[in-house]
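Take a look at the structure below.
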Amino acid sequence: MADPRSASAFPSGPAAGANRAPAPSSGQPGQQTATVLVVEDEPAIATAIAQRLSAEGWRVEVARDGLSGVDAAQRLRPDVIVLDVMLPGIDGLEVTRRIQAEQPVPILMLTARDDETDMLIGLGVGADDYMTKPFSMRELVARLKALLRRVDRAAQAASATPAEPPMAVGDVTIDKAQRRVHRSGEEVHLTPTEFELLVMLASSPRTVLTRERLLAEVWDWADASGTRTVDSHIKALRRKLGADLIRTVHGVGYAFEPPAG
Ligand code: CA
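With the first letter of the sequence shown counted as 1, position 150 gets the number 142 in this note's numbering; the numbers rise by one all the way through.
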């Protein structure tokens, strides 16, 4: 991965840093204004995304390189991040690692090719969704809205059930109120989407859930092309929690297999 020291070759002063795009004075009725950080070095794409998201009533800030993106994420605490993979300085993978280490934030990653998405999925990078360029702005907006709905729903669920005891399935405990997961007493750090997926699977142990159903329930996004995203998060969960927890039912979906306590 990118050596952080190489970032010195790409000065990221204020000029290269985050620039606030103009936001409309009011969002849509009944909808909270979301803050979106766009990390994208291609000016035409960054501008097009910023303009479209601003038109949705969202607050948008653009960072032009990886280090500026990490800084902006820490400063802004955005609700969601649109992150290009290929960036000057540190790449999108390293940006994701640094941001997620600080605080989990939903990330939609932009890739250049489908096989690049596959590679990132294999690495279990920790993004919540992926889109391959070129993409339509309408699809980007739809996916971001689904991501934000998911985060809202998770926050409501957490605040509505403060006294709910953690789920214990074998040696795995899932605390929905605190959104924390332990296996054999060791805390496992999951992204917001990984957490939702685990809760969904663990709520119906030994039951096969189809990829389409997981996509609809967890991502709030019904499109067969998105099942790739489901696979990526299953791989990430297995890497973090152990490969034995989730069984693949080929051609159908996945089942949570409770481990021995
Ligand atoms: Ca790029």
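Using N, Cα and C, we set each Cβ at its ideal position, and we do this for glycine too. Remember, predicted model here, so these are calculated numbers, not experimental data.
*Which residues are close to ligand 1, meaning CB closer than 5 Å to any heavy atom, in chain order?*
33, 76 and 78
*Taking residue 229 as part of the alpha helix (DSSP H), name the residues at either end of that continuous run.*
In the sequence shown, the residue the question calls residue 229 occupies position 237. Per DSSP, residue 229 belongs to the alpha helix (DSSP H) from 219 to 233.
*Can you pull the DSSP bridge partners for residue 242?*
Here residue 242 refers to the residue found at position 250 when the sequence shown is read from its first residue. Answer by DSSP bridge pairing: none, since residue 242 is not bridged.
*First and last residue of the beta strand (DSSP E) that includes residue 91?*
For this step, residue 91 is matched to residue 99 along the sequence shown. That residue, residue 91, is in no beta strand (DSSP E); its alpha helix (DSSP H) goes 84 to 94.
*From 105, 137, 146 and 184, residue whose alpha carbon lies closest to that of residue 127*: Your numbering for residue 127 matches position 135 in the sequence shown. Here the closest residue by C-alpha is 105.
*Just the C-alpha distance for residue 243 and residue 60, rounded to the nearest angstrom, thanks.*
Numbered from its first residue, the sequence shown carries residue 243 at position 251. Numbered from its first residue, the sequence shown carries residue 60 at position 68. C-alpha separation (whole angstroms): 42 Å.
_Coil, strand or helix - residue 129 by DSSP_ = What you label residue 129 is simply residue 137 of the sequence shown in a count that begins at 1. It is helical.
*What distance in whole Å lies between the Cβ atoms of residue 239 and residue 222, which are believed to be in contact at a cut-off of 8 Å?*
By 1-based counting over the sequence shown, the position of residue 222 is 230. By 1-based counting over the sequence shown, the position of residue 239 is 247. In fact, because the Cβ distance is near 14 Å, the residues do not count as touching under 8 Å.
*What do you reckon, are the CB atoms on residue 25 and residue 71 nearer than 7 Å?*
The residue given as residue 25 occupies position 33 in the sequence shown. The residue given as residue 71 occupies position 79 in the sequence shown. The answer is no: Cβ separation not under 7 Å.
*Could you check what DSSP says for residue 182 in three-state terms: helix, strand or coil?*
Position 190 of the sequence shown, counted from the first residue, corresponds to residue 182. Here residue 182 sits in coil by DSSP.
_Could you check whether the stretch 131 to 148 touches the stretch 229 to 239, counting it as contact only if at least three pairs of C-beta atoms, one from each stretch, sit closer than 8 Å?_
no
*Could you check how far apart the C-beta atoms of residue 199 and residue 247 are, in whole angstroms? I think they sit under 8 Å.*
Your numbering for residue 199 matches position 207 in the sequence shown. Your numbering for residue 247 matches position 255 in the sequence shown. With 8 Å as the limit, residue 199 and residue 247 qualify as a contact, their Cβ atoms being about 6 Å apart.
*Roughly how far, in whole angstroms, is the beta-carbon of residue 74 from the beta-carbon of residue 100, given that I think they are within contact range, below 8 Å?*
As a working mapping, residue 74 is identified with position 82 in the sequence shown. As a working mapping, residue 100 is identified with position 108 in the sequence shown. Contact holds; Cβ gap of about 5 Å.
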